[in-house]
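Below: one structure, written as structure tokens.
Residue numbers (full-length UniProt numbering): 1 to 295.
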């Protein structure tokens with residue numbers, strides 16, 4: 001019964017039209033790409049069938065926080081909008097998030113409140129700089145794994161944070177708020193699904209990373225998670241992030257590369273489910289269009 005209620009709730013709250021989006025993860029080295037190339041790059045994305053760009057963050061620590069770095073990023077966002085692309089705008093990313101999330105239970109809420117304040121401040125600045133008409137949603141840069149949030153107290157701290165930041169952002173502008181999550185086999189699919197359900201109850205939309213690029217799990221193992229959680233008829237998530245990159249690292253090392261044309265074509269094939277947002281990570285690994293970006 002609980003699963004049925006959650007499924008019905010999701011069916012009601014999913015956005016009216018699913019998006020076909022590409023992630024862009026801004027890096028300072030991307031400033032080496034000639035400014036004249038960017039409008040054509042965004043137009044090419046639109047022609048290829050993408051309707052949305054998700055900006056993974058608009059601040060990474062102090063990167064893009066002020067001055068010419070911030071101005072450069074704002075210019076790219078305006079160009080994407082001018083090319084007919086919707087913008088889901090990432091907020092403030094903490095470079096130390098994956099270490100900080102391991103704080104003991106008693107200290108975790110204080111850290112999440114820091115994230116909340118930083119995200120809200122970033123959103124206020126972006127609304128002032130860009131105007132509300134350019135922004136179609138917010139993306140929280142913190143990525144939720146299936147290991148650190150298994151205990152009840154930690155899940156509650158996470159849900160409290162999501163509720164609070166959603167309320168802060170809604171007070172600024174009534175836009176949807178998104179966050180992503182990934183799995184590496186640390187929690188059973190059912191337990192992981194319960195975590196996602198708890199997050200969904202906060203009113204934040206959840207995107208599930210498919211794990212195809214990181215290859216931490218085999219295709220069969222990944223399907224044990226993807227099949228029930230991203231089921232088209234009763235999904236636990238609002239969308240799926242398809243990883244375009246291919247990890248060529250060994251011994252646990254992460255060394256992503258851009259797929260060749262055939263590999264990319266297989267990963268870009270439209271999934272059968274049109275009810276869920278379909279997103280690809282990322283522009284940097286997209287053959288052709290993304291090749292001007294340094295890897």
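No residue lacks a Cβ here, since even glycine has one placed at the ideal position from N, Cα and C.
Assuming the contact rule is C-beta atoms closer than 8 Å, residue i and residue j should be a hit. Round their C-beta distance to whole Å, please.
i           : j           : result
residue 23  : residue 56  : 6 Å
residue 21  : residue 52  : 4 Å
residue 169 : residue 120 : 7 Å
residue 63  : residue 87  : Between residue 87 and residue 63 the Cβ distance is about 19 Å, and since that is not below 8 Å, they are no contact.
residue 284 : residue 31  : About 14 Å; that fails the 8 Å criterion.
residue 124 : residue 172 : 6 Å
Excluding the 5 residues flanking residue i on each side, which residues of the same chain have their C-beta closer than 7 Å to its C-beta?
i           : result
residue 182 : 143, 145, 209 and 211
residue 108 : 154 and 157
residue 13  : Residue confidence for residue 13 is low, a pLDDT of 43 falling below 50, so the modelled location carries little weight; the figure read from the coordinates is stated next. Cβ within range, chain order: n/a, list empty.
Comparing alpha-carbon positions, which option in the options lies nearest residue i?
i           : options               : result
residue 264 : 277, 287 and 270      : 287
residue 115 : 126, 127, 106 and 101 : 101
residue 240 : 221, 273 and 247      : 273
residue 178 : 270, 28 and 89        : 89
residue 147 : 193, 205 and 30       : 193
residue 199 : 236, 185 and 225      : 236
residue 227 : 94, 97 and 271        : 271
residue 242 : 42, 222 and 125       : 222
residue 191 : 216, 225, 41 and 218  : 225
Note down the Cα distance separating residue i from residue j, rounded to an integer number of angstroms.
i           : j           : result
residue 4   : residue 207 : Its pLDDT being 33, under 50, residue 4 is placed unreliably in this model, and the value from its coordinates should be taken loosely. About 20 Å.
residue 130 : residue 155 : 34 Å
residue 275 : residue 229 : 13 Å
residue 45  : residue 84  : 10 Å
residue 127 : residue 138 : 11 Å
residue 184 : residue 149 : 13 Å
residue 233 : residue 204 : 20 Å
residue 255 : residue 290 : 18 Å
residue 279 : residue 214 : 16 Å
residue 133 : residue 122 : 17 Å
residue 98  : residue 76  : 28 Å
residue 60  : residue 110 : 20 Å
residue 294 : residue 244 : 16 Å
residue 39  : residue 79  : 6 Å
Let me confirm a value: residue i is counted as buried when at least 16 other C-beta atoms fall within 10 Å, else exposed. Which label applies?
i           : result
residue 81  : buried
residue 248 : exposed
residue 188 : exposed
residue 35  : exposed
residue 220 : exposed
residue 269 : exposed
residue 94  : buried
residue 68  : exposed
residue 340 : An answer regarding residue 340 cannot be provided, because it is not within the stretch 1 to 295 covered by the chain.
residue 152 : exposed
Here's a check: name, in chain order, each residue in its chain whose Cβ is nearer than 8 Å to the Cβ of residue i, leaving out the five neighbours to either side.
i           : result
residue 202 : 159, 162, 163 and 166
residue 18  : 239, 274, 275, 276, 277 and 278
residue 196 : 181, 206, 208, 229, 236 and 237
residue 186 : 145, 146, 147 and 150
Here's a check: name, in chain order, each residue in its chain whose Cβ is nearer than 6 Å to the Cβ of residue i, leaving out the five neighbours to either side.
i           : result
residue 292 : 33 and 37
At a Cβ threshold of 8 Å, is residue i touching chain B?
i          : result
residue 64 : In the structure shown, chain B cannot be found, because there is only a single protein chain.
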